[in-house]
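Read top to bottom, the protein sequences are chains Z and Y. So the first sequence is numbered by full-length UniProt numbering: it starts at 1 and just counts up by one. So the second sequence is numbered by full-length UniProt numbering: it starts at 1 and just counts up by one. Single-structure report; data block below.
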Amino acid sequence: MYRTAAKRLFLGTSLRRNGNAHLLRFPNLKPIARPSANPQPFTDSNPNQHEFPNLSDSTSYSSSSSSTSSTAGEHTRSERQRPGIDYQEEQARVLQASLPHVLRLGWSEEAMIAGAREVGVSPSIVGSFPRKEAALVEFFMDDCLQRLIDRIDLGEDLKNLIPSQQISVLVRVRLEMQAPYISKWPQALSIQAHPLNVPTSFKQRAMLIDEIWHAAGDDASDINWYVTRTVLGGIYSTTEIYMLTDRSPDFRDTWAFLDDRVKDAFDMKKTIKEATYLAEAVGVGMGNSLQGFVNKVFQR
Amino acid sequence: MALRLVNSKLRSQILPMLSSTSLLHSHATSFGFKEVSEEEKSRLVGNVFSNVASNYDLMNDLMSGGLHRLWKDRLVSKLNPFPGMKHLDVAGGTGDVAFRILETINSMKRRAIQDSLNDSLHEETRIFICDINPNMLSVGKKRALERGLGEDKSLTWVEGDAEALSFEDNSMDGYTIAFGIRNVTHIEKVLAEAYRVLKPGGRFLCLELSHVEVPLFKDLYDLYSFSVIPALGELVAGDRASYQYLVESIRRFPPQEKFASMIAVAGFQKVEYENLVGGVVAIHSGLKF
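So this is what it looks like as structure tokens:
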């Protein structure tokens with residue numbers, strides 16, 4: 001909970017500083033969303049794989065041969081220092097440009113190659129994404145989350161709704177973002193479900209659910225925290241699946257389905273509470289009789 | 001252990017010689033464990049590869065137990081080739097890597113034609129194979145004919161120096177060098193050239209025999225490389241010296257971390273390496289921007 005709040009604060013300030021530049025958004029978002037972009041390079045999932053920070057100074061490099069690399073070397077090195085071009089920004093640009101190709105080519109390397117061609121970057125860059133098309137899906141998920149957060153920050157109208165309505169509105173806003181890709185969304189789901197991609201996709205979904213629940217104004221951090229998130233996660237996922245086969249105009253059936261599920265959940269919450277009280281009462285009763293029994297036994 | 005002792009003894013013997021040669025030639029470099037002048041090195045390396053060219057494949061299979069095929073497959077899968085790619089394979093005279101790239105692209109093309117969606121097919125795939133040694137290139141050309149790729153317009157064989165490539169700036173999508181960079185005189189010049197010819201977004205990949213650090217395996221590996229390989233070279237290829245050079249040059253090559261930092265200094269970003277078989281070989285990669 002506190003983590004979410006702190007993150008929102010961080011994102012909020014950094015966004016305001018950056019204005020509306022979409023490019024700059026992604027690098028800000030990335031360290032939170034991706035385990036692979038950790039500042040500590042050696043905690044990567046693959047123990048054999050090591051990543052290096054870009055070394056721009058030549059101090060670390062050996063002296064034995066630097067004397068031999070004469071004029072040609074010096075010349076090219078001065079050319080090479082082009083500050084400001086960061087490969088992560090370029091990767092984000094490529095992914096952004098790939099999204100329009102998803103409808104035609106799917107969540108695939110082909111779409112990423114087409115995107116790279118469009119922004120004038122060598123399609124070779126696709127090879128530098130360790131999990132290829134998963135990177136595209138994850139980028140899209142991050143991008144949608146960012147847009148949802150923006151929407152929450154803007155949306156004063158949300159404040160006037162009761163929590164159950166807030167939740168249906170937010171889930172709907174989020175799911176509408178993937179409506180344009182609905183024909184290719186099953187593919188994205190299958191990519192997310194791939195064992196290699198599950199850690200990231202699970203995390204992204206957890207963050208999304210956190211964000212929605214937080215926006216709905218719940219600050220509880222007791223055992224309910226897990227229950228409510230599991231329930232909301234269930235609602236989100238089932239609605240997402242329902243949407244895949246929904247042919248009604250503007251997904252009308254989906255939104256009706258969503259409202260019903262949220263209502264069910266809130267009813268269930270009430271039911272659970274009642275059940276708890278009942279159980280407590282029964283427990284007390286049982287306890288009494290048990291105590292009586294034990295007392296009886298030991299009195300003998 | 002013993003080998004390392006021998007090594008240091010050898011070096012201490014060479015040291016006086018080295019100081020005298022370094023007066024004569026300020027550009028001393030290594031040829032295996034020997035210190036030689038730069039011109040000498042390129043001549044000696046040239047000799048080695050002229051000698052081994054005919055038995056190159058057989059010896060590679062024998063020495064690595066066929067593993068070098070898997071390593072090269074891994075290299076190509078990391079490269080992630082695509083139709084319409086302009087690729088440069090340096091020191092790839094026998095075409096091993098180039099053929100693999102071409103086959104990958106061709107199989108992708110077949111799939112794409114079935115989908116009849118890909119408009120990028122109009123752009124022609126070009127793979128340039130650059131090697132300094134004409135003997136190695138002729139082995140590769142012969143193998144291309146055997147594989148029925150002799151007429152393939154995608155393959156271009158170029159005799160050239162990795163330190164001074166004859167290609168334009170920003171002209172290549174990919175650059176690979178497999179088991180080659182160890183033999184060049186100036187590694188950093190090769191890296192600078194690789195950086196120059198690559199387009200922004202282009203990738204540099206290097207497959208090279210590297211350093212084993214796993215304790216017990218390291219001793220075993222040293223024993224194997226210093227006792228078995230030269231003997232094998234003598235037996236099969238009738239050339240002990242060339243294979244002695246091979247194992248020595250592996251020891252002189254900078255270790256993984258050092259080489260990675262050299263790649264980063266050349267300007268590449270996202271520099272990574274992956275050890276295969278505990279570091280017997282390593283695949284380094286970098287991204288140009």
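Positions of the beta carbon are idealized from the N, C-alpha and C atoms, including for glycine. None of these values were measured; they are calculated from a predicted model.
Among the options, which has the Cα closest to the Cα of residue i?
i             : options                        : result
I152/Z        : M141/Z, F139/Z, R104/Z, V171/Z : V171/Z
residue 362/Z : I85/Z, D86/Z, V121/Z           : Absent from the model: residue 362/Z. The displayed extent of chain Z is 1 to 300, so no value can be given.
D117/Z        : G106/Z, E90/Z, L103/Z          : Contrary to the premise, residue 117/Z reads as Arg rather than Asp in this sequence. The shortest Cα separation from R117/Z among G106/Z, E90/Z, L103/Z belongs to E90/Z.
H211/Y        : R126/Y, K86/Y, Q256/Y          : Q256/Y
E213/Y        : V48/Y, G279/Y, T125/Y, I263/Y  : G279/Y
D169/Y        : L198/Y, I127/Y, S107/Y, Q269/Y : L198/Y
K184/Z        : W213/Z, V119/Z, E133/Z         : E133/Z
L276/Y        : S64/Y, R126/Y, F33/Y           : S64/Y
M243/Z        : G106/Z, E176/Z, L105/Z         : E176/Z
Q192/Z        : R174/Z, H101/Z, F139/Z         : F139/Z
H87/Y         : F202/Z, P123/Z, L105/Z         : P123/Z
L62/Y         : L75/Y, W157/Y, D131/Y, A237/Y  : A237/Y
L124/Y        : L70/Y, V158/Y, I105/Y          : What sits at residue 124/Y in the sequence shown is Glu, not Leu. The shortest C-alpha separation from E124/Y is found at I105/Y.
K263/Z        : V169/Z, Q299/Z, R174/Z         : V169/Z
L155/Y        : R100/Y, D73/Y, K218/Y, S166/Y  : R100/Y
L258/Z        : V173/Z, T200/Z, Q96/Z, K269/Z  : V173/Z
A92/Z         : G106/Z, D250/Z, S128/Z         : S128/Z
Kindly indicate if chain Z contains any beta-carbon less than 8 Å away from that of residue i.
i      : result
R74/Y  : no
L287/Y : yes
L79/Y  : yes
G174/Y : yes
P215/Y : no
I101/Y : no
F82/Y  : yes
R203/Y : yes
Q269/Y : yes
P255/Y : no
K199/Y : yes
S116/Y : Residue placement at S116/Y cannot be trusted, given a pLDDT of 48 that sits under 50; the coordinates are not used to answer.
H25/Y  : Low per-residue confidence applies at H25/Y: pLDDT is 44, beneath 50, and the placement is therefore not dependable enough to give any value.
Are any of the Cβ atoms in chain Y nearer than 8 Å to that of residue i?
i      : result
E133/Z : no
A279/Z : no
P123/Z : yes
I85/Z  : yes
L95/Z  : no
A265/Z : no
G127/Z : yes
E90/Z  : yes
I113/Z : yes
M116/Z : Inspection of the sequence shows that residue 116/Z is occupied by Ala rather than by Met. Closer than 8 Å: yes.
Would the beta-carbon of residue i fall within 8 Å of that of residue j?
i      : j      : result
E240/Z : L148/Z : no
S285/Y : R182/Y : no
G115/Z : V94/Z  : yes
K288/Y : G201/Y : yes
V45/Y  : A162/Y : no
P83/Y  : K109/Y : yes
A188/Z : V231/Z : no
V102/Z : I113/Z : no
V158/Y : I132/Y : no
F179/Y : L209/Y : yes
R131/Z : L208/Z : no
V48/Y  : M59/Y  : no
L102/Y : I127/Y : yes
T238/Z : R261/Z : yes
Y195/Y : F259/Y : no
Report the CB separation of residue i from residue j in whole angstroms; it is logged as a contact under 8 Å.
i      : j      : result
A216/Z : Q166/Z : 4 Å
Y56/Y  : V139/Y : 6 Å
A266/Y : Y273/Y : The Cβ separation is near 14 Å, so there is no contact.
Y87/Z  : K270/Y : 5 Å
I229/Y : L246/Y : 7 Å
F251/Z : A206/Z : No, F251/Z and A206/Z are not in contact; Cβ-Cβ is about 25 Å, not under 8 Å.
Using a C-beta cutoff of 8 Å, does residue i count as contacting chain B?
i      : result
E248/Y : Of the protein chains in this structure, namely Z and Y, none is chain B.
The region 194-209 of chain Y in contact with the region 74-84 of chain Y per 3-pair CB rule at 8 Å
yes
Is it true that the region 141-155 of chain Y meets the region 88-99 of chain Y, where meeting means three or more beta-carbon pairs spaced less than 8 Å apart?
As far as the Cβ criterion goes, the region 141-155 of chain Y touches the region 88-99 of chain Y, which means the pair count is three or higher.
Does the region 38-54 of chain Y come into contact with the region 169-178 of chain Y, if we say contact requires no fewer than three beta-carbon pairs (one atom in each stretch) closer than 8 Å?
no
Do three or more CB pairs link the region 187-196 of chain Y to the region 237-251 of chain Y at distances below 8 Å?
In short, these stretches do not touch, since the Cβ pair count stays below three.
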